[in-house]
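Count the sequence shown with this note's numbering and you get residues 193 to 544, in order.
The beta-carbon is built from N, C-alpha and C at its ideal position, and this holds for glycine as well.
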Amino acid sequence: MSRRGDVAVAVCGVLFAFAFAAFVAHLLGYPAIDAYSSLAHYSVGSFGKVALTLNNAVPLLLTASSAAIAFASGPVNLGQPGQVLMGMLGTVFVGLHLNLPSGLQVPILLAVGAFAGGLWSLVAAGARHRFGMDEFIVTLMLNEIARLFCDWAISRPLQDPAAGSVSTKVISSRGFLPIVAGKLNSSVLIGFVVVLLCALMFYRSRPGYEWRMAGKAPLFARLGGVPVDRNFFAVMFLSGGLSGLAGSILLLAGPHKFVKGLSGSYGWDGVMIAVVAANGLLACVLYGLLFSALQTGAIGMQIRTDVPSEFSQILQAVIVLIGVAARGTVATTIQSLRARTIARRRPTSQRR
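(1) So, under 8 Å CB-CB, V512 and V468 are touching, yes? Tell me the CB distance rounded to an integer number of Å.
(2) Taking a contact to mean a Cβ-Cβ separation below 8 Å, would you say G436 touches Q275 in this structure?
(3) Assuming S235 contacts T488 (C-beta within less than 8 Å), just tell me the rounded distance between them.
(4) So within the segment 248-299, which uninterrupted alpha helix (DSSP H) runs reach at least 4 residues, ignoring any that extend past its ends?
(5) Hey, could you find the ends of the alpha helix (DSSP H) A469 is sitting in?
(6) Within 10 angstroms of its Cβ, does H218 collect 16 or more other Cβ (buried), or is it exposed?
(7) How about A260 and C476: do their beta carbons lie closer than 8 Å?
(8) Are the beta-carbon atoms of G266 and A406 separated by less than 8 Å?
(9) Are the segment 423-435 and the segment 446-457 in contact at 8 Å, needing three or more beta carbon pairs?
(10) Going straight from the alpha carbon of K408 to that of G318, what length do you get?
(11) Which residues mark the beginning and the end of the alpha helix (DSSP H) in which A345 is found?
(12) Check whether the Cβ atoms of G433 and S455 sit closer than 8 Å, and answer yes or no.
(13) Would you decide whether A227 is buried or exposed? Buried here means 16 or more other CB atoms lie within 10 Å of its CB.
(14) Going by DSSP, which residues form a beta bridge with S359?
(15) Can you name the start and end residues of the beta strand (DSSP E) that A373 belongs to?
(16) So which of G492, D498, F483 and W403 has the shortest CA-CA distance to F587?
(17) Pull up the CB-CB distance for N269 and S313, whole angstroms please, since I reckon it's below 8 Å.
(18) Between G515 and V206, what straight-line distance do the alpha-carbon atoms span, to the nearest angstrom?
(19) When we look at the beta-carbon of V330 and count the other beta-carbons within 10 Å, is it buried (16 or more) or exposed?
(20) Of the residues A466, L415, I506 and L442, which one's Cα is nearest the Cα of G305?
(21) Using alpha carbons as the reference points, say which of V203, P223 and H289 lies closest to V499.
(22) Am I right that A256 and A466 are in contact with their C-beta atoms under 8 Å? What's the rounded C-beta distance?
(23) Just to confirm before moving on: does the CB-CB distance between V387 and L253 stay below 8 Å?
(24) Mapping the DSSP letters down to three states, classify L220 as helix, strand or coil.
(25) From what residue to what residue does the alpha helix (DSSP H) around Q508 run?
(26) Just to confirm my understanding: we take L350, look at its own chain, exclude 5 residues before and 5 after, and list those with CB closer than 6 Å. What are they?
(27) Return helix, strand or coil for L350, following the three-state DSSP convention.
(28) Rounded to the nearest angstrom, how far is the Cβ of L281 from that of G367, given a contact under 8 Å?
(29) For R320, collect the residues of the same chain with a Cβ closer than 8 Å to its Cβ; drop the 5 residues on either side in sequence, then sort them by chain order.
(30) Quick check: what's the CA-CA separation for T283 versus G446?
(31) So, for P410: in the same chain, excluding its five sequence neighbours on each side, which residues have a beta-carbon less than 8 Å away from its beta-carbon?
(32) For T220 and R496, I'd like the C-alpha separation in whole angstroms.
(33) Per DSSP, which residues does N377 bridge with? Please list them.
(34) Are the beta-carbon atoms belonging to A391 and L473 less than 8 Å from one another?
(35) Would a check of beta-carbon distances place V499 closer than 8 Å to chain D?
Shown next, in the form of structure tokens:
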């Protein structure tokens, strides 16, 4: 299907999701129009709210890109939640012991987070290469191992005894990500630049072509001389590194310490965005911004209209459902309508 067809399918899915969610809200006795108005107001209603939406979108964009690059290249990396956690743990561990100028401290901590996430994903890559274990299963198991290990680390050796909750001490202020303007964090610039560089490499470089070829036709790629095994490790490391970078940014942008539960659901949300975006990096950015707006405006919507914040989760779920389950149906319908339109425009003699 063409890019225009992809856009048409995405727009149809989003519009249907909003219509369906409005219908559900009406059945439950909630004002759908007021709910949508509040969602828009609390997510993009002012510069400060737009800044907050963009800040919250960065981890989504990175974890979505992590999943999309892996899925489109062959590996089934579902370890984003664990890789986010390991990125946070590596960042806070180094941040508590390093005290350099900000111009060095921040890039080093970001690199450490990305490296930690990449190393954690290589565990699954090594298990597949050495023992033939499916990375689909291994990455899922590593998520739980990462969670338990991080919980132990921040509640025992790295715990701040003066804190009222399970958390580490605050890292040096030289490692804080600076604010660009108002509430807009520099993480937005970092996140978008990283995703742009990944897109250029994935779509405009020889390694990216080899990765995509291995994802679409692994046997053909291997017979054509593509180093499939080596590329598998490279893709897994890059995928894990993007998720680790997301964890590092979450910590450095605030609260500047590892608090239990800080990673939230960013890992799984990124996987969900990659699936509905059909592994397209540009689509991941657009869906990531949409999902961030829905999540950011949900709490304000609940306060203003009494519509539960779960309303935004219904929206996200229906968008995913339409984007995945009905993608083929909508695409076929669009192609059929296009073919009929072209046929009607042809002269009668050409039809014969």
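Working from what's here:
(1) Residue numbering aside, residue 512 sits at position 320 when the sequence shown is read from its first letter. Residue numbering aside, residue 468 sits at position 276 when the sequence shown is read from its first letter. V512 to V468, Cβ: 5 Å. Contact.
(2) For the purposes of this step, residue 436 is taken as the residue at position 244 of the sequence shown. For the purposes of this step, residue 275 is taken as the residue at position 83 of the sequence shown. Contact flag set, yes.
(3) Locating residue 235 in the sequence shown gives position 43, counting from the first residue. Locating residue 488 in the sequence shown gives position 296, counting from the first residue. Between T488 and S235 the Cβ distance is about 5 Å, and since that is below 8 Å, they are a contact.
(4) 272-289
(5) For the purposes of this step, residue 469 is taken as the residue at position 277 of the sequence shown. A469 -> no alpha helix (DSSP H), and no H or E assigned at all.
(6) By one-based count along the sequence shown, residue 218 stands at place 26. So H218 counts as exposed.
(7) Within the sequence shown, the letter at position 68 stands for residue 260. Within the sequence shown, the letter at position 284 stands for residue 476. Closer than 8 Å, so yes.
(8) Locating residue 266 in the sequence shown gives position 74, where the first residue counts as 1. Locating residue 406 in the sequence shown gives position 214, where the first residue counts as 1. Yes, the Cβ-Cβ distance between G266 and A406 is below 8 Å.
(9) no
(10) Counting from 1 along the sequence shown, the entry for residue 408 is found at position 216. Counting from 1 along the sequence shown, the entry for residue 318 is found at position 126. Taking the straight line from one Cα to the other gives about 22 Å.
(11) Working through the sequence shown from its first residue, we reach residue 345 at position 153. That run of the alpha helix (DSSP H) goes E327 to S347.
(12) Along the sequence shown, read from residue 1 onward, the residue named residue 433 stands at position 241. Along the sequence shown, read from residue 1 onward, the residue named residue 455 stands at position 263. Going by C-beta atoms, G433 is not nearer than 8 Å to S455.
(13) Residue 227 sits at position 35 when you count from the first residue of the sequence shown. So A227 counts as buried.
(14) Stepping through the sequence shown from its first residue, residue 359 is reached at position 167. Paired residue(s): V451.
(15) Translated into positions along the sequence shown, residue 373 becomes position 181. Note, A373: beta strand (DSSP E), I371 to A373.
(16) Since the first residue shown for the chain is 193 and the last is 544, residue 587 is missing from the structure and cannot be characterised.
(17) Counting from one through the sequence shown, the residue named residue 269 turns up at place 77. Counting from one through the sequence shown, the residue named residue 313 turns up at place 121. With 8 Å as the limit, N269 and S313 qualify as a contact, their Cβ atoms being about 6 Å apart.
(18) Taking the first residue of the sequence shown as 1, we reach residue 515 at position 323. Taking the first residue of the sequence shown as 1, we reach residue 206 at position 14. Roughly 8 Å separates the two Cα atoms.
(19) Residue numbering aside, residue 330 sits at position 138 when the sequence shown is read from its first letter. Buried, by the Cβ-count rule.
(20) As a working note, residue 305 is residue 113 in the sequence shown. If we check each option's Cα against that of G305, L442 comes out closest.
(21) If you number the sequence shown from 1, residue 499 lands on position 307. Nearest C-alpha to V499: P223.
(22) Along the sequence shown, one-based indexing puts residue 256 at 64. Along the sequence shown, one-based indexing puts residue 466 at 274. The Cβ separation is near 5 Å, so the contact holds.
(23) Start at 1 with the first residue of the sequence shown, and residue 387 comes out as number 195. Start at 1 with the first residue of the sequence shown, and residue 253 comes out as number 61. Closer than 8 Å, so yes.
(24) The residue labelled residue 220 in the question sits at position 28 within the sequence shown. Three-state DSSP puts L220 in coil, outside helix and strand.
(25) If you number the sequence shown from 1, residue 508 lands on position 316. Looking at the DSSP string, the run of the alpha helix (DSSP H) that includes Q508 is E502 to A517.
(26) Here residue 350 corresponds to residue number 158 of the sequence shown, with the count starting at 1. So the qualifying residues of the chain are T360.
(27) Counting from 1 along the sequence shown, the entry for residue 350 is found at position 158. Of the three classes helix, strand and coil, the one that applies to L350 here is coil, per DSSP.
(28) The sequence position of residue 281 within the sequence shown is 89, counting from 1. The sequence position of residue 367 within the sequence shown is 175, counting from 1. Wrong, their Cβ atoms sit about 15 Å apart, outside the cutoff.
(29) Here residue 320 refers to the residue found at position 128 of the sequence shown. Within the same chain, R320 has close Cβ partners D326, E327, V330 and F424.
(30) Here residue 283 refers to the residue found at position 91 of the sequence shown. Here residue 446 refers to the residue found at position 254 of the sequence shown. Their backbone Cα atoms lie some 13 Å apart in a straight line.
(31) Here residue 410 refers to the residue found at position 218 of the sequence shown. Excluding residues within five positions, the ones whose Cβ falls inside 8 Å are G266 and V420.
(32) Taking the sequence shown and counting its residues from 1, one reaches residue 220 at position 28. Taking the sequence shown and counting its residues from 1, one reaches residue 496 at position 304. The displayed chain sequence assigns Leu, not Thr, to residue 220. Taking the straight line joining both Cα atoms gives about 17 Å.
(33) As a first step, residue 377 is located in the sequence shown; it is residue number 185 there, counting from the start. Beta-bridge pairing links N377 to I371.
(34) Reading the sequence shown from its first residue, position 199 is the one you call residue 391. Reading the sequence shown from its first residue, position 281 is the one you call residue 473. Yes, Cβ-Cβ distance for A391 and L473 is below 8 Å.
(35) Structure shown: chain D not included; a single protein chain is present.
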